[in-house]
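S.K.:
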Amino acid sequence: MSHPTLNEPRELIDSLVATYQPGADLAVVNGIVDRLRTTEQIRARQRSDMHKELKALSRQLEIAKGGAQRPKDALSEQEHADLMVRLDRENTLLESQLRQLKEELVGIDEHAVDTEVTPDSTALVLKIYRALGVEPILDASGNFSRVKIRILCQMATMSIAAVRNV
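Written out as structure tokens, the structure is:
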């Protein structure tokens, strides 16, 4: 015999279990979990694709920045213009100096050097002595103190050369 108060909760639980069909609710919960899992996979794939695209765009941006930026040692536009003007002036000056030197060279070539300088008597005497084989030798003070004499004799079979210091 069971106590009627104890049977009531049992009957109540049995009637509740009969009215609730947990199979249908469990199927709905499983469907929701599957959709959440699928959605998470799709989002992860999209995140990965976006991350790859962001990396590629970042690389392109760095390359573009590198091409667009001037090197630190490059001159500013004003400095560059000033340098070009200075170098152009220097070039013009050098060209005019070169032209003047060429004209001077042509003038020197046209005007013979021998006609400008008339040999004096000392130069003529030294030229004659050297032609005869007499060569004056300078000492330490810059004066002619000795003379080197070359004697050349040529015979049919041999030639004799003697040098005598006087």
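Residue numbers (my numbering): 1 to 166. Where is the CB? At the ideal position from N, CA and C, for every residue including glycine.
1. Per DSSP, residue 135 forms a beta bridge with which residues?
2. Would you tell me roughly how many angstroms separate the C-alpha atoms of residue 151 and residue 129, rounded to the nearest one?
3. Which first and last residues belong to the alpha helix (DSSP H) in which residue 97 is found?
4. Along the chain, where does the alpha helix (DSSP H) that runs through residue 31 open and close?
5. How many Å lie between residue 64 and residue 44 at the Cα?
6. Report yes if the C-beta distance between residue 137 and residue 127 is below 9 Å; otherwise report no.
7. From residue 1 to residue 11, what does the alpha carbon distance come to, in whole angstroms?
8. Between residue 50 and the rest of its own chain, which residues show a CB-CB distance below 6 Å, the 5 nearest in sequence each way excluded?
9. Excluding the five sequence neighbours on either side, which residues of its own chain have a C-beta within less than 7 Å of the C-beta of residue 134, listed in chain order?
10. Indicate the three-state DSSP secondary structure (helix, strand or coil) for residue 143 in the structure shown.
11. Quick check on DSSP: helix, strand or coil for residue 14?
12. Quick one: residues in its chain with C-beta nearer than 8 Å to the C-beta of residue 75, no 5 flanking neighbours on either side, listed in chain order?
M.R.: Once the coordinates are examined:
1. Numbered from 1 along the sequence shown, position 135 holds the residue referred to as residue 135. Its beta-bridge partners are 148.
2. If you number the sequence shown from 1, residue 151 lands on position 151. If you number the sequence shown from 1, residue 129 lands on position 129. Cα-Cα distance, rounded: 12 Å.
3. The residue given as residue 97 occupies position 97 in the sequence shown. Looking at the DSSP string, the run of the alpha helix (DSSP H) that includes residue 97 is 77-110.
4. Here residue 31 corresponds to residue number 31 of the sequence shown, with the count starting at 1. Here the alpha helix (DSSP H) through residue 31 covers 22-68.
5. Counting from one through the sequence shown, the residue named residue 64 turns up at place 64. Counting from one through the sequence shown, the residue named residue 44 turns up at place 44. Those two C-alpha atoms are separated by around 30 Å.
6. Sequence index remark: in the sequence shown, residue 137 carries index 137 (1-based). Sequence index remark: in the sequence shown, residue 127 carries index 127 (1-based). The answer is no: Cβ separation not under 9 Å.
7. Here residue 1 is taken as the residue at index 1 of the sequence shown, counted from 1. Here residue 11 is taken as the residue at index 11 of the sequence shown, counted from 1. Confidence is the limiting factor: at residue 1 the pLDDT is only 48, short of 50, which leaves the residue's position unreliable, though a coordinate-based value still follows. If you take the alpha carbons of residue 1 and residue 11, they lie about 15 Å apart.
8. Numbered from its first residue, the sequence shown carries residue 50 at position 50. Taken in chain order, the list of residues that qualify is empty.
9. Here residue 134 refers to the residue found at position 134 when the sequence shown is read from its first residue. 147, 149, listed in sequence order.
10. The sequence position of residue 143 within the sequence shown is 143, counting from 1. Collapsing the DSSP output to three states places residue 143 in coil.
11. Taking the first residue of the sequence shown as position 1, residue 14 is located at position 14. Helix.
12. Numbered from 1 along the sequence shown, position 75 holds the residue referred to as residue 75. Correct list, in chain order: 83.
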